[in-house]
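This report concerns only the one structure given below.
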Amino acid sequence: MINKVVSGAEEATRDIPDGATIMLGGFGLCGIPENCIAALVKKGIKDLTCISNNAGVDDFGIGLMLQQRQVKKMVSSYVGENAEFERQLLSGELEVELIPQGTLATRCMAAGYGMPAIFTPAGVGTEVAEGKEVRNFNGKDYLMEYAFDADFALVKAWKGDTAGNLIYRSTSRNFNPVMAMAGKVTIAEVEELVEAGELDPDQVHTPGVFVHRIFQGADYEKRIEQRTVRTKN
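Reading the sequence shown from the start, the letters are residues -7 to 225 in my numbering.
Structural data, given as structure tokens:
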């Protein structure tokens, strides 16, 4: 078996070039590949197309790459927490494709399953459908959406083993598993890396066959996107 384990984020992302299309897992600020993002910022690559549920916040997550003008196009379902994203969008500096969240997830899944396209009722009759094929099945219109074609998928898991098997926790399972399936090259960072055979097979969410590189990350911040507290009466 080819050794999938690398020393860290810089080695794992070493061959991501300018102009690449990359998927970034996570939901909000939960389960995002923090170490890989930091490595891409340090490397300074540019003209990226980023596929992600969200665009991070101004000073964290994908927001760090937006600050450095590394992102050419953002493909997301939610971008409401990032003022720099809004500024670049309104000024015409950033190309944006907004997608219904279920469609985003299913286009990732289709890529992982080897399906070229899906049909969904989401977006029919709206701006989302402009320029796209609509077909009618059993009296109902469906929008055809193509599977994503991503060069790299960057995901983050709670625990992984040296064979690339991954276990996620809670909300981080929303997009990381489907993106891990979908990248031509999948890079996984984990909070804890163990030897092959130490994970319970019944608990594995992403089999190692989908993962090309894996490393144990460090210094995870685990920020809260919107902190809400109860006031005293």
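All residues carry an ideal CB built from backbone N, CA and C; glycine is no exception. These numbers come from a predicted model, not from an experiment.
DSSP, read as helix, strand or coil, puts N168 in helix. Annotation: the continuous alpha helix (DSSP H) that includes I29 extends over 26 to 35. Annotated as proximal: E137 and I110, with beta-carbon spacing under 8 angstroms.
Non-local C-beta neighbours of V71 in its own chain, meaning closer than 7 angstroms and more than five positions away in sequence, comprise N46, A47, F77, ordered along the chain.
Per DSSP, the beta-bridge partners of D153 are V186. Of the candidates R215, V177, A145, A145 places its Cα closest to the Cα of G17. Between the C-alpha atoms of V63 and V196 there is a straight-line separation of about 32 angstroms. Per DSSP, reduced to three states, the secondary structure at E213 is coil, with no helix or strand assignment. Between the region 122 to 130 and the region 159 to 170, the count of C-beta pairs closer than 8 angstroms stays below three; the two stretches do not touch.
Distance between E213 and N27, taken at the CA atoms: about 10 angstroms.
Using a Cβ distance threshold of 8 angstroms, L40 and M57 count as a contacting pair. Apart from sequence neighbours up to five positions away, the residues of its chain that approach E184 with a beta-carbon distance below 6 angstroms are K151, ordered along the chain. Contact between the region 23 to 37 and the region -6 to 9 is present: 3 or more CB-CB pairs across the two stretches fall below 8 angstroms. Selection C100, K38, R215, I206 evaluated against M171 yields C100 as nearest (Cα-Cα).
Taking the C-beta atoms as reference points, G55 is found nearer than 8 angstroms to N74. When DSSP states are grouped into helix, strand and coil, E122 belongs to the coil group. F140 sits in coil when the DSSP states are folded into three classes, being neither helix nor strand.
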